[in-house]
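A.B. asks: Just so we're aligned, residue 0 is where the sequence shown starts under numbering that gives the first Met the number 0, counting upward by one. Glycine included, C-beta positions come from ideal geometry on N, C-alpha and C. Here you go, one structure.
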Amino acid sequence: MHNRIALITGVTGQDGAYLCQLLLNKGYVVHGVVRRSSHAGVFDHRLKWLGINDDVILHDGNLLDLSSLARIVQEVRPDEVYNLAAQSFVTASWQQPLLTGQITGLGAVNLLECVRTLKPDARYYQASSSEMFGLIQEQVQSESTPFYPRSPYGVAKLYAHWMTINYRESFKLHASNGILFNHESPLRGVEFVTRKVTDGVARIKLGLAKELRLGNIDAKRDWGHAKDYTRAMWMMLQQDKPDDFVIATGRTTTVRDMCEIAFRHVGLVSQDHLIIDEKLFRPAEVEVLLGNPAKAEAAFGWKAEISLETMIQEMVEADLKRLGSKS
Ligand code: GDP
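See below:
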C-alpha cells in the first residue's frame with residue numbers, strides 16, 4: 000500500500016499549516032496549492048514556524064484558475080482533498096464582495112469539478128463556517144439550524160457548502176462539510192480579533208504601544224484551537240459515509256472577556272488600554288455564535304481539548320516571543 004496522498008488548498012494559512020503537520024505525522028505525502036506570486040518571500044512563514052516547510056510539496060495554482068487545479072489534481076492523484084483556501088476575513092468581504100464570491104464560493108466548485116472529473120474516488124473536505132449561521136435562528140447552532148449569513152463571506156461560504164452537498168448527492172462524491180466555529184492559534188492572522196488582541200497586549204507589555212483599538216466587544220464567539228479543529232477535518236474524511244458536522248467547543252465568550260484573559264495573563268488591566276473605535280464596527284454584525292458539536296462526538300469521538308484560556312495564553316506568549324526577538 001502506498002502512503003496516502005493529501006492535497007490542501009490554503010496550505011499557507013493557519014489551518015493549512017496545522018493540517019500539514021498532522022498529516023505528515025500520520026505518514027501522508029502532503030501537497031499544497033500556493034499563490035506564490037502574491038506572497039513573495041513570506042508565503043510559507045507558518046509552515047516554517049512549525050518546521051515543516053521542507054516536508055510539504057508546493058504547487059503554484061489558484062482556485063480561480065480551473066486549469067491550474069486540474070493540472071495539479073492530475074499530477075498529484077490525491078486520496079484526500081482539503082479545500083481550506085478562501086478570502087476568509089469577514090470585514091474585507093464587504094470591500095471585495097465579488098472577489099470573495101469568486102474565491103470562497105465558485106473556487107470550491109472549481110475544485111469539486113476537478114475531483115469529480117479527474118479523481119472521483121478522492122475524499123473531499125470543504126471548510127464551511129459558522130458565519131453561515133449569521134443572524135442566528137436558534138440559540139445553539141447545530142447541523143439542522145437554518146442558515147442566515149450576514150456578510151458576503153458568509154453568503155459565499157454557504158454557496159460552497161450547498162455545492163459540496165450537491166456534488167455528494169448528484170455524483171456520489173465522498174464530500175463532507177466541516178462547519179467550523181471560530182478557531183485560533185499563534186498562527187492566526189493579526190486581522191482576526193483574538194490575534195489582534197494577543198499581539199496588541201504583547202506590544203503594550205513590551206512598551207511598543209499604549210492602546211488597543213477594537214470595535215464591537217460585546218460580540219460573542221465560540222472559540223476553539225485550530226489544532227483541535229484540523230484534527231476534526233481529518234477524522235471526518237476517515238468516516239465510511241460523507242456527512243456534515245459542526246465543530247465547536249459549546250462555550251461562548253464575549254470579545255471583552257477574551258481580551259480580559261489576555262491582559263490578565265501579563266498582569267495588566269484591559270480598561271487602562273482598550274479604546275472602542277466606531278470605525279471598526281461592521282455594516283452587519285454576527286452578535287453571537289454558539290455551536291453544538293454533539294454529532295461529531297457521537298460519530299467519531301471528536302471533542303475540543305484546548306480551553307480558551309490556555310489558547311489565549313499560548314498566543315500571548317508567542318507574540319511576546321515574536322516581538323521580543325524583533326526589538
Ligand atoms: P469572524 O467571526 O470570522 O468575523 O472573526 P473575527 O475574529 O474577525 O471577529 C470576531 C468578532 O470580533 C466580530 O464580531 C467582530 O465584530 C468583533 N471585533 C471587535 N473588534 C474587532 C477588531 O478590531 N477586529 C476584528 N477582526 N474583529 C473585531
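(1) Comparing alpha-carbon positions, which option in L21, L207, V315, M314 lies nearest R3?
(2) Under 7 Å Cβ to Cβ from H173, same chain only, skipping five residues before and after it: list those, please.
(3) What residue range does the alpha helix (DSSP H) around S92 cover?
(4) I'd like to confirm the pairing. Which residues does DSSP put opposite L236 in its beta bridges?
(5) Quick one, which of V139, W222, V28, E296 has its alpha-carbon nearest L179's?
(6) Let me know if P119 comes out buried or exposed under the rule of 16 or more other beta-carbons within 10 Å of its beta-carbon.
(7) How many Å lie between V10 and A231 at the Cα?
(8) If you run the structure through DSSP and keep just helix, strand and coil, what is L57?
(9) Can you tell me which of the three DSSP states Q140 falls into?
(10) Are the stretch 242–252 and the stretch 138–152 in contact at 8 Å, needing three or more beta carbon pairs?
(11) How far does the beta strand (DSSP E) with N181 in it extend, from its first residue to its last?
(12) Using beta-carbon positions only, say whether T252 and L18 come within less than 8 Å of one another.
(13) So does R220 have its beta carbon nearer than 7 Å to some heavy atom of ligand 1?
(14) From which residue to which residue does the beta strand (DSSP E) around N109 run?
(15) Regarding V315 and ligand 1, is the C-beta to nearest heavy atom distance less than 7 Å?
(16) My output table needs one value for T23: the three-state DSSP class, helix, strand or coil.
(17) Are the stretch 152–160 and the stretch 196–210 touching by the rule of at least three beta carbon pairs closer than 8 Å?
(18) Just checking my contact of S184 with M314 at CB under 8 Å: how many whole Å lie between their CB atoms?
(19) Taking 8 Å as the threshold (C-beta atoms), are L279 and R212 in contact?
(20) DSSP state of F244, grouped into three classes?
(21) Following a CB-centred definition, is G9 positioned closer than 7 Å to any heavy atom of ligand 1?
(22) Tell whether a beta-carbon distance below 8 Å holds between I56 and V32.
(23) One question on the structure: do Q125 and A159 come within less than 8 Å of each other, judged by their Cβ atoms?
(24) With a CB to CB cut of under 6 Å and the five nearest residues on each side skipped, what residues in its chain are close to T163?
(25) Nearest to H327 by alpha carbon, out of A69, L49, W48, G323?
(26) Compute every distance between the C-beta of I330 and the non-hydrogen atoms of ligand 1, then say whether any falls below 7 Å.
(27) Locate the alpha helix (DSSP H) running through N165, then write down its first and last residues.
C.D. replies: According to the data block:
(1) Looking from the CA of R3, the closest CA among L21, L207, V315, M314 belongs to L21.
(2) Only R122, Y123, P241 meet the Cβ criterion.
(3) Here the alpha helix (DSSP H) through S92 covers 89–94.
(4) Residue pairing for L236: DSSP places it in no beta bridge.
(5) Ranking the options by Cα distance to L179, first place goes to W222.
(6) Classification for P119: exposed.
(7) Roughly 17 Å between the two C-alpha positions.
(8) DSSP places L57 in strand when its eight states are reduced to three.
(9) Reduced to three states, the DSSP call for Q140 is strand.
(10) Yes: at least three Cβ pairs fall under 8 Å.
(11) Neither: N181 is in no beta strand (DSSP E) and is coded neither H nor E.
(12) For T252 and L18, no; Cβs fall outside 8 Å.
(13) Using a cutoff of 7 Å, the CB of R220 counts as near ligand 1, since one of the ligand's heavy atoms is closer than that.
(14) In the DSSP annotation of this structure, N109 is not part of any beta strand (DSSP E); the continuous alpha helix (DSSP H) holding it starts and ends at 106–117.
(15) V315: no, Cβ never under 7 Å from ligand 1.
(16) Checking the sequence, you will find Leu at residue 23 rather than Thr. Three-state DSSP puts L23 in a helix.
(17) No: fewer than three Cβ pairs fall under 8 Å.
(18) Right, their Cβ atoms sit about 7 Å apart.
(19) Yes, the pair counts as a contact, with Cβ atoms nearer than the cut-off.
(20) Strand.
(21) No, ligand 1 has no heavy atom inside 7 Å of this Cβ.
(22) No, these two residues do not count as a Cβ contact at 8 Å.
(23) Yes, these two residues count as a Cβ contact at 8 Å.
(24) In the same chain as T163, and ignoring 5 residues on each side of it, the C-beta atoms closer than 6 Å to its own belong to Q125, A174, N176, in chain order.
(25) Residue 327 lies beyond the residue range present for the chain, which begins at 0 and ends at 326; the question has no answer from this structure.
(26) What is shown of the chain runs 0 to 326, which leaves residue 330 out entirely.
(27) Element bounds for N165: 151–170.
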